[in-house]
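**Q** Okay, handing you the structure first.
Number of protein chains: 2
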Amino acid sequence: MVKSAPDTETSDKILQAARKIFLVKGMSGARMQDIADAAGINKALVHYYFRNKETLFKTILLEEAKKFFPKLNLVFESDQPLFTKIEQFAAAYIDEILENPFLPLFIINQINQDTDHFLRDILSRNQPRPHALLRQIETEVKKGTIRPIAPEQLLMNLVSLCIFPFMAKPMLNRTLGINDKKFRELMEARKTEVPRFIIAAIKK
Amino acid sequence: MVKSAPDTETSDKILQAARKIFLVKGMSGARMQDIADAAGINKALVHYYFRNKETLFKTILLEEAKKFFPKLNLVFESDQPLFTKIEQFAAAYIDEILENPFLPLFIINQINQDTDHFLRDILSRNQPRPHALLRQIETEVKKGTIRPIAPEQLLMNLVSLCIFPFMAKPMLNRTLGINDKKFRELMEARKTEVPRFIIAAIKK
DNA sequence: GTCTATATTCCGATAGAC
DNA sequence: GTCTATCGGAATATAGAC
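These protein sequences, in sequence, are chains A and B. Under the working numbering, the first residue of the first sequence is numbered 84, with each subsequent residue one higher. Under the working numbering, the first residue of the second sequence is numbered 84, with each subsequent residue one higher.
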């Protein structure tokens, strides 16, 4: 059997289409017909490659979760000084989300409805380990290098500042009266703005 | 016709049940049967009071949107000095979300799928007006009272720091190894921690 | 107003031809 | 592997008795 180029493989077309639909509409909002249409094939063919909707969805979810969670460890596990970690995390994470703007909201929605513990199990294998970072913050506070702050609060601040604007994009666009181009510029600026803001807040 | 107490009225029971279900599961994930069960009545009765699922959903959505958006104007329209505004907003908004933890994610999800522009039209009537706040920040920067920062960035920072942790709660609980009680304590602390953090970042 | 029973629609899934 | 046609279940919605 001769295969066509990988990116035109039917299975890949389905995955690509499914990703697009599921990330925006979620499991219950997506239709197998929509996915088939987006892939330019027949609905039955989707079932031929992936037994059922749930299988297809979990394939996508697993793939995306493996993209999302390990990136968090950038800030947890590197061996840099605190300020450097913060700078690297913000730049890398915002860049990542610029490429996948729907990913954070999708993942958070799935965690919120993870009734069968599918994601919980993925998480337990790709466990983020914030312990080192939290202790690092604690140490800096004790040394008096940075202002007193609960390590958990600082961690939440960093993640919030990087992720939230993407989830709120439609609201921000409207409230600030900006278009997609302007939004992207704001996010590009945030790659340095967020670390600057945080460091100004904690530096003595 | 004699009415029972308002909170035991059938229509109110339905709305209360529908709110609980829709806020967690969304429009497509919710079942009319679930709502009927939660209200302790028959499924047909839901259709008697609200013609169909869409009508019921939009009733809830309208109600919740009217709760959510005007609260944003707390930070936009009050006549206080900048630092006071920030303090008041964080305290009031975090308190509000502590009472309605599912509200932000619900609203943001709806905005993201607002294909029929239902929410867009609500928004255009309850328009948040950030202009005054943005100019206020700009003025302070020019006066040299606070460090240079783009007004839009500061606004995004404030909103992000208040809202995001609630949306990411299940992830935070797991990553930080905390329970609901501890999470609530962290959020209570944030009511003063967020303003302190922001002011430290921008104060000269 | 509230229920039971039933109609209708929608959608995931399968059968079977090519 | 890919399609057309269809099945079957689930969910929304309505009819009609009480």
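We treat Cβ as the ideally placed atom computed from N, Cα and C, and that holds for glycine.
Taking 8 Å as the cut-off, does the segment 221-232 of chain A touch the segment 266-273 of chain A (at least 3 CB pairs, one atom from each stretch)?
**A** Short answer: they don't touch.
**Q** So with CB distances below 8 Å, who are the chain A contacts of residue 115 of chain B?
**A** For the purposes of this step, residue 115 of chain B is taken as residue 32 along the second sequence, with counting starting at 1. The contacting residues do not exist; residue 115 of chain B stays about 14 Å from chain A at best.
**Q** Quick one, which residues of the segment 239-257 of chain B are near chain A if we go by CB-CB under 8 Å, in chain order?
**A** 239, 240, 242, 243, 244, 246, 247, 248, 250, 251, 253, 254, 255 and 257
**Q** Excluding the five sequence neighbours on either side, which residues of its own chain have a C-beta within less than 7 Å of the C-beta of residue 84 of chain B, listed in chain order?
**A** Here residue 84 of chain B refers to the residue found at position 1 of the second sequence. Confidence at residue 84 of chain B is low in this model, with a pLDDT of 45, below 50, so the placement of that residue is unreliable and no value is reported for it.
**Q** Following the continuous alpha helix (DSSP H) through residue 240 of chain B, name the residue where it begins and the one where it ends.
**A** Here residue 240 of chain B is taken as the residue at index 157 of the second sequence, counted from 1. 234-250 is the span of the alpha helix (DSSP H), which, as asked, contains residue 240 of chain B.
**Q** Using beta carbons (cut-off 8 Å, strictly below), is residue 166 of chain A in contact with chain B?
**A** What you label residue 166 of chain A is simply residue 83 of the first sequence in a count that begins at 1. No, no contact with chain B.
**Q** In chain order, what are the residue ranges of uninterrupted beta strand (DSSP E) at least 3 long that sit wholly in the segment 107-168 of chain A?
**A** none
**Q** Looking at residue 158 of chain A: is its Cβ nearer than 8 Å to the Cβ of residue 216 of chain A?
**A** Counting from 1 along the first sequence, the entry for residue 158 of chain A is found at position 75. Counting from 1 along the first sequence, the entry for residue 216 of chain A is found at position 133. Note that the C-beta distance between residue 158 of chain A and residue 216 of chain A is below 8 Å.
**Q** Can you list, in chain order, the residues of its chain whose CB lies under 7 Å from that of residue 140 of chain A, leaving out five sequence neighbours each side?
**A** Locating residue 140 of chain A in the first sequence gives position 57, counting from the first residue. Same-chain partners within the cutoff: 105 and 110.
**Q** For the pair the segment 187-201 of chain A and the segment 190-197 of chain B, tell me if three or more CB-CB distances fall below 8 Å.
**A** yes
**Q** Contact criterion: CB-CB distance below 8 Å. Does residue 192 of chain B meet it with respect to chain A?
**A** For the purposes of this step, residue 192 of chain B is taken as residue 109 along the second sequence, with counting starting at 1. Residue 192 of chain B counts as touching chain A.
**Q** Going by C-alpha distance, which of A/148, A/253, A/241 and A/261 is nearest residue 275 of chain A?
**A** Translated into positions along the first sequence, residue 275 of chain A becomes position 192. Taking only the C-alpha atoms, the option nearest residue 275 of chain A is A/241.
**Q** Around the Cβ of residue 87 of chain A, are there at least 16 other Cβ atoms within 10 angstroms (buried) or fewer (exposed)?
**A** Numbered from 1 along the first sequence, position 4 holds the residue referred to as residue 87 of chain A. Low local confidence applies: a pLDDT of 42 at residue 87 of chain A is under 50, so the model's placement there is unreliable, with the coordinate-based value given in what follows. By the neighbour-count rule (16 or more Cβ atoms within 10 Å), residue 87 of chain A is not buried but exposed.
**Q** With burial defined as no fewer than 16 other Cβ atoms inside 10 Å of the residue's Cβ, what is the status of residue 182 of chain B: buried or exposed?
**A** In the second sequence, residue 182 of chain B corresponds to position 99, counting from 1. Classification of residue 182 of chain B: exposed, given that the 10 Å Cβ count is below 16.
**Q** Quick check: is the beta carbon of residue 161 of chain B nearer than 8 Å to any beta carbon in chain A?
**A** Here residue 161 of chain B corresponds to residue number 78 of the second sequence, with the count starting at 1. No, because no Cβ of chain A sits closer than 8 Å to the Cβ of residue 161 of chain B.
**Q** If you draw a straight line from the C-alpha of residue 167 of chain B to the C-alpha of residue 261 of chain B, how long is it?
**A** Here residue 167 of chain B refers to the residue found at position 84 of the second sequence. Here residue 261 of chain B refers to the residue found at position 178 of the second sequence. If you take the alpha carbons of residue 167 of chain B and residue 261 of chain B, they lie about 32 Å apart.
**Q** Assuming residue 280 of chain B and residue 284 of chain A make a contact with CB atoms under 8 Å, what is their CB distance in whole Å?
**A** Position 197 of the second sequence, counted from the first residue, corresponds to residue 280 of chain B. Position 201 of the first sequence, counted from the first residue, corresponds to residue 284 of chain A. At roughly 5 Å, the Cβ-Cβ gap stays under 8 Å, so residue 280 of chain B and residue 284 of chain A are in contact.
**Q** Are any of the Cβ atoms in chain A nearer than 8 Å to that of residue 236 of chain B?
**A** Here the question's residue 236 of chain B lines up with position 153 in the second sequence. Yes, its Cβ sits closer than 8 Å to a Cβ of chain A.
**Q** May I ask you to report which of helix, strand or coil DSSP gives residue 261 of chain B?
**A** As a working mapping, residue 261 of chain B is identified with position 178 in the second sequence. The answer is coil: DSSP assigns residue 261 of chain B none of H, G, I, E or B.
**Q** Pull up the DSSP beta-bridge partners for residue 229 of chain A, would you.
**A** Against the first sequence, residue 229 of chain A aligns to sequence position 146. Bridge partners of residue 229 of chain A: A/286.
**Q** Here's a check: name, in chain order, each residue in its chain whose Cβ is nearer than 7 Å to the Cβ of residue 277 of chain A, leaving out the five neighbours to either side.
**A** The residue you call residue 277 of chain A lines up with position 194 of the first sequence. Once the five neighbours on either side are set aside, the close Cβ partners of residue 277 of chain A are 173, 244 and 245.
**Q** Kindly indicate which residue of B/184, B/213 and B/236 has the alpha-carbon position closest to the one of residue 252 of chain B.
**A** Start at 1 with the first residue of the second sequence, and residue 252 of chain B comes out as number 169. Of B/184, B/213 and B/236, the residue nearest in Cα terms is B/184.
**Q** Whose Cβ in chain B lies nearer than 9 Å to the Cβ of residue 94 of chain A?
**A** Along the first sequence, one-based indexing puts residue 94 of chain A at 11. Chain B residues near residue 94 of chain A: none, gap ~26 Å exceeds 9 Å.
**Q** Among B/219, B/270, B/114 and B/143, which residue has its Cα nearest to the Cα of residue 160 of chain B?
**A** As a working mapping, residue 160 of chain B is identified with position 77 in the second sequence. For the residues B/219, B/270, B/114 and B/143, the minimum Cα distance to residue 160 of chain B belongs to B/219.
**Q** Thinking C-alpha only, which one of A/152, A/137, A/132 and A/107 is nearest residue 198 of chain B?
**A** Taking the first residue of the second sequence as 1, we reach residue 198 of chain B at position 115. Ranking A/152, A/137, A/132 and A/107 by Cα distance to residue 198 of chain B puts A/107 first.
**Q** Against residue 268 of chain A, what residues of chain B qualify as contacts under a CB-to-CB distance less than 7 Å, listed in chain order?
**A** Indexing the first sequence from 1 puts residue 268 of chain A at position 185. None at all; the shortest Cβ gap to chain B is about 10 Å.
**Q** Assign residue 137 of chain B to buried or exposed, taking buried as 16 or more other Cβ atoms, counted over all protein chains shown, within 10 Å of its Cβ.
**A** Taking the second sequence and counting its residues from 1, one reaches residue 137 of chain B at position 54. When all chains shown are included, residue 137 of chain B counts as exposed.
**Q** At what residues does the alpha helix (DSSP H) containing residue 203 of chain B begin and finish?
**A** Mapped onto the second sequence, residue 203 of chain B falls at position 120. Per DSSP, residue 203 of chain B belongs to the alpha helix (DSSP H) from 201-208.
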